[in-house]
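Numbering (our numbering), first residue to last: 50 to 256. For every residue, glycine included, the Cβ atom is placed at its ideal position computed from N, Cα and C.
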Amino acid sequence: MGVLSVQNLGVSSPSGAILQNISFSTAKHLAILGVSGSGKSTLAKAFCGLLPSTFSVHYTHLALSAQAGYVFQDCISCFYPYLKIKDTFKMVLKEHTAKGKNLLESLNVPLKVWGAYPHELSRGMASRVQIALNLALKKEILFLDEVTSSLDKSNTQGVIDLLLSLSVQRVVITHDEEVALKLCDEVLVLKSGRGAYFGAIKEYLCF
Numbered sequence: 050m051g052v053l054s055v056q057n058l059g060v061s062s063p064s065g066a067i068l069q070n071i072s073f074s075t076a077k078h079l080a081i082l083g084v085s086g087s088g089k090s091t092l093a094k095a096f097c098g099l100l101p102s103t104f105s106v107h108y109t110h111l112a113l114s115a116q117a118g119y120v121f122q123d124c125i126s127c128f129y130p131y132l133k134i135k136d137t138f139k140m141v142l143k144e145h146t147a148k149g150k151n152l153l154e155s156l157n158v159p160l161k162v163w164g165a166y167p168h169e170l171s172r173g174m175a176s177r178v179q180i181a182l183n184l185a186l187k188k189e190i191l192f193l194d195e196v197t198s199s200l201d202k203s204n205t206q207g208v209i210d211l212l213l214s215l216s217v218q219r220v221v222i223t224h225d226e227e228v229a230l231k232l233c234d235e236v237l238v239l240k241s242g243r244g245a246y247f248g249a250i251k252e253y254l255c256f
């Protein structure tokens with residue numbers, strides 16, 4: 050397991066503050082819970098260096114002890130629209146492309162996806178492809194941004210089972226407490242851009 054740690058993180062956009070005084074440290078599977086607009090994705094992207102250049106970020110300390118990858122909520126639009134999935138893997142992995150194809154197969158992605166365009170994928174399948182690409186790049190921590198939102202119960206459980214089978218540390222950005230409980234050991238709850246709770250998820254859900 051890697052370590053995620055941050056002290057006194059604040060993030061502002063041109064329209065105002067998004068996060069204020071966020072501090073925590075964990076080496077466990079972490080859920081980031083909160084309603085829409087609470088700053089969940091902003092916090093995750095701050096760890097991965099994915100915030101827009103127009104955002105102001107300041108902190109006393111912010112660190113990841115292992116390489117991290119990000120699985121985006123709007124996963125289909127994250128791919129090059131005019132490249133087939135196999136061509137995206139070739140561009141990113143170069144001579145290691147075969148590894149990517151093998152990973153897709155291990156994640157129960159149908160072979161036809163290899164030759165498909167992004168718009169031909171379902172949202173759940175696009176998430177699996179993103180996960181495979183991160184694993185091929187040897188990411189040890191996966192930030193998973195609402196990967197089960199808008200999926201039906203069966204597909205949600207399929208994604209949960211897949212994630213539980215992987216030997217990576219999970220940081221799950223979600224508003225779904227049931228998903229968080231199944232995938233994570235600890236939880237950070239955000240409310241209006243501030244930390245409202247950090248600790249064991251089972252204790253939080255017993256409140």
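Nearest to residue 103 by C-alpha distance, out of 64, 113, 112 and 85, is 64. When only Cα atoms are considered, residue 167 and residue 198 end up about 19 Å apart. Nearest to residue 176 by C-alpha distance, out of 204, 85, 160 and 116, is 204. Rounded to whole angstroms, residue 50 and residue 130 show a C-alpha spacing of 34 Å. For residue 119, the uninterrupted beta strand (DSSP E) segment begins and ends at 117–120. DSSP places residue 157 outside both helix and strand once states are collapsed to three, so it counts as coil. DSSP links residue 240 through a beta bridge to 243. Every unbroken stretch of the beta strand (DSSP E) spanning 3 or more residues and falling wholly within the stretch 88–144 is given here in chain order: 105–107, 110–113 and 117–120.
The C-alpha of residue 186 is placed about 26 Å away from the C-alpha of residue 200.
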